[in-house]
Structures are given as structure tokens and as C-alpha cells.
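Participant: To start, I am sharing the structure in question, which I have written as C-alpha cells.
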Amino acid sequence: MSTPELSEAAAAVPVQAETQMVKANQRAANFMFGAQRLMLEELVFAGNEMLDRTRTEMHLFSELASKMAGAHSVRDIRSMYEECGKHQVEFIRRDCDRLFKHGERMIEATASLFKPHPLD
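Residue numbers for the sequence shown follow my numbering, beginning at 143 and rising by one.
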């Protein structure tokens, strides 16, 4: 190798290092933006879930209050409590199903942050 070829090869090394540094910085920025988006989506989801849960609880409470007002005997009160208890258990079951599905989505979303993404 002659001296000009050596200087060209020596000049290519910093360019390659710079390119690798730019790619690493871009991957880190993509990861951080993805994590930030994931956290914001979680906050929105949690807010919507709390609002939905509050609506359902208020509906169940108003149903209980109206049935208590219409109860005329101990038998009516017992059947009312049984029915409202079934509604509450069904509500808890749906709530647990929803949380389970949300957990699955969270695992998938978090795992996608660690997948290699092609850089442009």
C-alpha cells in the first residue's frame, strides 16, 4: 500500500465510527420515544379504565338503591342481594378479563421496544 491509500483507509475509520455512533444514537432515541409513547398510552388507558369502572359501579349502586326502595319483604331483600351479588361478581370477572388482556398488550408493546428496527 502506498501512502495515499493508507491515508484514505485511515480517514475511512472515523467515518465508520461516526456512522455507527449515529445509528446507536438513533436507536437510543427511538427506544426513548417508544417508551415515552408507551407510558402516555398507559396513562390514557388507566384514566379510561377508572372512568369506566366508576360508571359501572354507579350503575350497580343505583340499581341496588332502586331495588331496595322497591323491596317490601325480607324475601324481596334477600333475592335483591343475590341478584346484585351476581352482577357484582360478573363485573369483577369482566374487570379481571380486561386487566389480563391489557397485561398481554403491555408485554407485547414492551417487547416490541427491544426488537431491532431497520434504520433509514
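By construction, the Cβ of each residue, glycine as well, lies at the ideal position given by its N, Cα and C atoms.
1. Using beta-carbon positions only, say whether M222 and A213 come within less than 7 angstroms of one another.
2. Could you tell me whether the stretch 171-188 touches the stretch 199-208, using the rule of 3 or more Cβ pairs below 8 angstroms?
3. Put A170 into one of helix, strand or coil per three-state DSSP.
4. My understanding is that L202 touches C238, with C-beta atoms under 8 angstroms, so please give their C-beta distance in whole angstroms.
5. Between which two residues does the alpha helix (DSSP H) holding S221 run?
6. For T198, which of E232, F242, F256 has the nearest alpha-carbon?
7. Just confirm the distance between the C-beta atoms of L255 and A159, as a whole number of angstroms; I'd bet it's less than 8 angstroms.
Facilitator: On the basis of the data shown:
1. yes
2. Counting Cβ pairs under 8 angstroms, fewer than three are found: no touch.
3. helix
4. Contact doesn't hold; Cβ gap of about 16 angstroms is too wide.
5. For S221, the enclosing alpha helix (DSSP H) starts and ends at 216-255.
6. E232
7. Not really, about 26 angstroms apart at Cβ, beyond 8 angstroms.
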